[in-house]
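**Student:** Just so we're aligned, residue 0 is where the sequence shown starts under numbering that gives the first Met the number 0, counting upward by one.
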Amino acid sequence: MFRGKRQWLLLAATMVAAGAVGAAPAAEPNTQVPAGSRHYAANGFPDRIVASPAQDAATGFAVAWRTSVLAAPPLLELALAGDSPDMGTLRQFTASSRELSSENGLSQHHRADIDGLLPDTLYAYRVQGQGTWSAWNHFRTAAAAGQPLTLLYFGDTQNKNLSHVSRVIRQGWQTAPDARLALFAGDLVSGGDGEDDNEWGEWFAAGGWLLPGMAVAPATGNHEYFEEFEDTPQERRVLGGHWPVTFALPGNGAAATAKTTYWFDYQGVRVVVLDGTSALDLGTAKAQAQWLDGVLAGNQQPWSIVVVHQPLYPLRAERDTSVLATQIRPVLQQHHVDLVLQGHDHTYGRRADDNASLPQYISSVAGPKQYRLSPQARATMAPVAEDTQLFQVLHLDGKQLRYEARTATGRLYDAFEINRDAAGGKRFKELHDGRISPRSCPRPLSPKGRDDRCWE
Numbered sequence: 000m001f002r003g004k005r006q007w008l009l010l011a012a013t014m015v016a017a018g019a020v021g022a023a024p025a026a027e028p029n030t031q032v033p034a035g036s037r038h039y040a041a042n043g044f045p046d047r048i049v050a051s052p053a054q055d056a057a058t059g060f061a062v063a064w065r066t067s068v069l070a071a072p073p074l075l076e077l078a079l080a081g082d083s084p085d086m087g088t089l090r091q092f093t094a095s096s097r098e099l100s101s102e103n104g105l106s107q108h109h110r111a112d113i114d115g116l117l118p119d120t121l122y123a124y125r126v127q128g129q130g131t132w133s134a135w136n137h138f139r140t141a142a143a144a145g146q147p148l149t150l151l152y153f154g155d156t157q158n159k160n161l162s163h164v165s166r167v168i169r170q171g172w173q174t175a176p177d178a179r180l181a182l183f184a185g186d187l188v189s190g191g192d193g194e195d196d197n198e199w200g201e202w203f204a205a206g207g208w209l210l211p212g213m214a215v216a217p218a219t220g221n222h223e224y225f226e227e228f229e230d231t232p233q234e235r236r237v238l239g240g241h242w243p244v245t246f247a248l249p250g251n252g253a254a255a256t257a258k259t260t261y262w263f264d265y266q267g268v269r270v271v272v273l274d275g276t277s278a279l280d281l282g283t284a285k286a287q288a289q290w291l292d293g294v295l296a297g298n299q300q301p302w303s304i305v306v307v308h309q310p311l312y313p314l315r316a317e318r319d320t321s322v323l324a325t326q327i328r329p330v331l332q333q334h335h336v337d338l339v340l341q342g343h344d345h346t347y348g349r350r351a352d353d354n355a356s357l358p359q360y361i362s363s364v365a366g367p368k369q370y371r372l373s374p375q376a377r378a379t380m381a382p383v384a385e386d387t388q389l390f391q392v393l394h395l396d397g398k399q400l401r402y403e404a405r406t407a408t409g410r411l412y413d414a415f416e417i418n419r420d421a422a423g424g425k426r427f428k429e430l431h432d433g434r435i436s437p438r439s440c441p442r443p444l445s446p447k448g449r450d451d452r453c454w455e
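#1: In the DSSP assignment, find the alpha helix (DSSP H) that holds P45 and state where it starts and stops.
#2: Within the continuous beta strand (DSSP E) that includes I304, where are the two ends?
#3: Could you check what DSSP says for E226 in three-state terms: helix, strand or coil?
#4: Are the CB atoms of R139 and L121 within a distance shorter than 8 angstroms?
#5: When the Cα atoms are used, what is the spatial distance from R169 to P232?
#6: According to DSSP, G348 sits in a beta bridge with which residue or residues?
#7: Tell me whether V163 sits in a helix, a strand or coil according to DSSP, three-state version.
#8: For G130, count neighbouring Cβ atoms within 10 angstroms of its own Cβ and tell me buried if that reaches 16, exposed if not.
#9: Taking 8 angstroms as the cut-off, does the stretch 148-155 touch the stretch 374-385 (at least 3 CB pairs, one atom from each stretch)?
#10: Take G191 and list the residues in its own chain whose beta-carbon comes closer than 6 angstroms to its own, dropping the five residues that flank it on each side.
#11: Provide the residue span of the alpha helix (DSSP H) that contains P243, from first to last.
#12: So W64 packs on H109, CB below 8 angstroms; how close in whole Å?
#13: Beta-carbon separation of S356 and F246 under 8 angstroms?
#14: Could you tell me how far apart the beta carbons of E416 and L395 are, in whole angstroms, since I believe they sit closer than 8 angstroms?
#15: Based on the DSSP output, what are the partners of T93 in its beta bridges?
#16: In three-state DSSP terms, what is N136?
#17: When DSSP labels each residue in this structure, what does V188 get in the three-state scheme?
#18: By a C-beta neighbour count over all protein chains shown, 10 Å radius and 16 as the cutoff for buried, is S95 buried or exposed?
#19: How many Å lie between Y134 and W208 at the Cα?
#20: State the DSSP-derived secondary structure class of G104, mapped to helix, strand or coil.
#21: Would you tell me roughly how many angstroms separate the C-alpha atoms of T58 and W202, rounded to the nearest one?
#22: Short of 6 angstroms in beta carbon distance, which residues of its chain neighbour E227, apart from the five on each side in sequence? Order them along the chain.
#23: Grab the span of the beta strand (DSSP E) containing R419 for me, first residue to last.
#24: Taking only three categories from DSSP, how would you classify R442?
#25: When the Cα atoms are used, what is the spatial distance from A56 to A142?
#26: So the alpha helix (DSSP H) L279 belongs to, where does it begin and stop?
#27: If you follow the beta strand (DSSP E) that W454 is part of, which residue opens it and which one closes it?
#28: Measuring straight from C-alpha to C-alpha, what distance separates D82 and P118?
#29: Mark A175 as exposed unless 16 or more other C-beta atoms lie within 10 angstroms of its C-beta, in which case mark it buried.
#30: When you compare only the Cα positions, how much space is there between G424 and L338?
#31: Below 7 angstroms CB to CB, which residues in the same chain sit around R410 once its five sequence neighbours on both sides are set aside?
#32: When the Cα atoms are used, what is the spatial distance from P301 to V268?
#33: Please report the straight-line C-alpha distance between L79 and A111, rounded to a whole angstrom.
#34: By the DSSP assignment, the alpha helix (DSSP H) with L331 in it spans what residues?
#35: By DSSP, does F65 sit in helix, in strand, or in coil?
#36: Quick check: A365 and V330, are their CB atoms within less than 8 angstroms of each other?
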């Protein structure tokens, strides 16, 4: 160990002498795609394969994928996963398809819904392209409520997905290789820059094998929308064309936000996904609150998690999400929601309502775009973090929910438990052992010279 440390010090000294240490970091482009390249253009080979849970995740799931425009509707083939290359009896599902035009040309996006499955069972599936097939992917259905479940939660990915976000997703999977469910809190891409399809291509490249092999449940963020008629009196938010075709989501949301809200039950937890952008900018907060009330009123699961992009308690200065606070928060309190998982403010912070331990409101960020915390957030949240890429691991069973926030290198930053007694009551417990020291931004300006950001 001493020899390694000495060699590192010699290397560092050499780099300083050569001028390699201390150089101002250069701002990095949002994608690695050179100007004029169509690297992510669709072709006959299926790509962007992503699985998502059905409303009852123990008996079904759905798969979305992309190709160039095909001559006939493609198939999904499914079998019980086994140890032989002979897949045995196959079930075939015909996909529905929609076309999308982008900077990379025309593409066709497919969806297949799979039902009638056995709980806690490993299946193999593949999807069809033009005269070709994808690899066989494995997907395990949810088990019964009360069986141990591990899931991953990622805050905003958004920027530089291939360059910077990929390591966070890899570390999350390495830390929790038994995770079956992945929740994304919105702003998966930045969008609105003429490179939307390239950004989605890099998001899928960053997600790698996690996306077709795990139940993926994303929320929309404001960057999944774009500004139509910008800088005119008719300016309005419009959902981007990629969102409705990129994922195969349950489709059981509020009528006013049918494409962007949904819920499902997964192994003892009811997950409800809201659309904060529509609530704040398009006037759907009340309708979403009424729908949320109905979904939670019928909840028979021991745990409940709500995912929404914008924090009900903002972490960044000059944020106003009071509409969510007045319309959504009373429903969360009434139905004793356990966790509210959020993004948007590109920092980390956690708190509960005044005079209550639950719900725990958590905002996190997986990507490199890093803002600064407001004085209000520092005064009312603990722990908080700046300049830190994070992922979260949740372990649940019928009696306990354990939460961990970990940095991009896997170090423990935050942790707590919620313990459930025989009567259904819940007790919150902070866990301090093993946490690293609080992190704050060490630089006065971002690489692009912005004082409101720590990193781009």
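Note that the Cβ used here is the ideal one computed from N, Cα and C, for glycine as well.
Every value quoted in this text rests on a predicted model; they were computed, and no experiment measured them.
**Tutor:** Taking the structure as given:
#1: As a first step, residue 45 must be located in the sequence shown, where it is residue number 46. Premise fails: P45 is in no alpha helix (DSSP H) and is neither H nor E.
#2: Numbered from 1 along the sequence shown, position 305 holds the residue referred to as residue 304. I304 -> beta strand (DSSP E) spans 302-306.
#3: To locate residue 226, count along the sequence shown from 1; it is residue 227. Reduced to three states, the DSSP call for E226 is strand.
#4: Taking the first residue of the sequence shown as position 1, residue 121 is located at position 122. Taking the first residue of the sequence shown as position 1, residue 139 is located at position 140. In contact: L121 and R139 (Cβ atoms closer than 8 angstroms).
#5: To locate residue 169, count along the sequence shown from 1; it is residue 170. To locate residue 232, count along the sequence shown from 1; it is residue 233. Roughly 44 angstroms between the two C-alpha positions.
#6: Taking the sequence shown and counting its residues from 1, one reaches residue 348 at position 349. Note: G348 sits in a beta bridge opposite S362, V383.
#7: Sequence index remark: in the sequence shown, residue 163 carries index 164 (1-based). In the sequence under discussion, the amino acid at residue 163 is His, which differs from the Val named in the question. In the structure shown, H163 sits in a helix (DSSP, three-state: H, G or I).
#8: As a first step, residue 130 must be located in the sequence shown, where it is residue number 131. The residue in question, G130, is exposed, as its Cβ has fewer than 16 Cβ neighbours within 10 Å.
#9: no
#10: Here residue 191 corresponds to residue number 192 of the sequence shown, with the count starting at 1. These residues qualify, in order along the chain: F225.
#11: Position 244 of the sequence shown, counting from 1, holds the residue named residue 243. Unbroken alpha helix (DSSP H) run through P243: 242-245.
#12: Indexing the sequence shown from 1 puts residue 64 at position 65. Indexing the sequence shown from 1 puts residue 109 at position 110. Contact between W64 and H109 holds: their C-beta atoms lie close to 5 angstroms from each other, under 8 angstroms.
#13: Indexing the sequence shown from 1 puts residue 356 at position 357. Indexing the sequence shown from 1 puts residue 246 at position 247. In this structure, F246 does not lie closer than 8 angstroms to S356 by Cβ.
#14: Translated into the one-based positions of the sequence shown, residue 416 becomes position 417. Translated into the one-based positions of the sequence shown, residue 395 becomes position 396. Their Cβ separation, rounded to whole angstroms, is 11 angstroms, which puts E416 and L395 out of contact at 8 angstroms.
#15: Translated into positions along the sequence shown, residue 93 becomes position 94. T93 is bridged by DSSP to L74.
#16: If you number the sequence shown from 1, residue 136 lands on position 137. The three-state secondary structure of N136, taken from DSSP, is strand.
#17: Position 189 of the sequence shown, counted from the first residue, corresponds to residue 188. DSSP places V188 in the coil class of the three-state scheme, outside both helix and strand.
#18: Locating residue 95 in the sequence shown gives position 96, where the first residue counts as 1. With fewer than 16 Cβ atoms within 10 Å of its Cβ, S95 is classed as exposed.
#19: Here residue 134 is taken as the residue at index 135 of the sequence shown, counted from 1. Here residue 208 is taken as the residue at index 209 of the sequence shown, counted from 1. It should be pointed out that residue 134 corresponds to Ala in this sequence rather than to Tyr. Going by the C-alpha atoms only, they are around 11 angstroms apart.
#20: As a working mapping, residue 104 is identified with position 105 in the sequence shown. It is a strand residue.
#21: As a working mapping, residue 58 is identified with position 59 in the sequence shown. As a working mapping, residue 202 is identified with position 203 in the sequence shown. Put simply, the backbone Cα of T58 is about 28 angstroms away from that of W202.
#22: For the purposes of this step, residue 227 is identified with residue 228 of the sequence shown, where counting begins at 1. Same-chain partners within the cutoff: R235, V237.
#23: Your numbering for residue 419 matches position 420 in the sequence shown. 411-419 is the span of the beta strand (DSSP E), which, as asked, contains R419.
#24: Within the sequence shown, numbered from 1, the residue matching residue 442 stands at position 443. Coil.
#25: Translated into positions along the sequence shown, residue 56 becomes position 57. Translated into positions along the sequence shown, residue 142 becomes position 143. Between the alpha carbons of A56 and A142 lies a distance of about 8 angstroms.
#26: As a working mapping, residue 279 is identified with position 280 in the sequence shown. Run containing L279: 275-280, per the alpha helix (DSSP H) assignment.
#27: Translated into the one-based positions of the sequence shown, residue 454 becomes position 455. Per DSSP, W454 belongs to the beta strand (DSSP E) from 452-454.
#28: If you number the sequence shown from 1, residue 82 lands on position 83. If you number the sequence shown from 1, residue 118 lands on position 119. Those two C-alpha atoms are separated by around 19 angstroms.
#29: Numbered from its first residue, the sequence shown carries residue 175 at position 176. That one is buried.
#30: Sequence index remark: in the sequence shown, residue 424 carries index 425 (1-based). Sequence index remark: in the sequence shown, residue 338 carries index 339 (1-based). Rounded to whole angstroms, G424 to L338 spans 15 angstroms at the Cα level.
#31: Counting from 1 along the sequence shown, the entry for residue 410 is found at position 411. Cβ neighbours of R410 beyond the five flanking positions: I435.
#32: Within the sequence shown, residue 301 is the residue found at index 302, counting from 1. Within the sequence shown, residue 268 is the residue found at index 269, counting from 1. Approximately 6 angstroms, taken between the alpha carbons.
#33: Here the question's residue 79 lines up with position 80 in the sequence shown. Here the question's residue 111 lines up with position 112 in the sequence shown. Looking at the two C-alpha atoms, the distance is approximately 17 angstroms.
#34: Within the sequence shown, numbered from 1, the residue matching residue 331 stands at position 332. Note, L331: alpha helix (DSSP H), 328-333.
#35: To locate residue 65, count along the sequence shown from 1; it is residue 66. In the sequence under discussion, the amino acid at residue 65 is Arg, which differs from the Phe named in the question. Strand.
#36: Residue numbering aside, residue 365 sits at position 366 when the sequence shown is read from its first letter. Residue numbering aside, residue 330 sits at position 331 when the sequence shown is read from its first letter. The answer is no: Cβ separation not under 8 angstroms.
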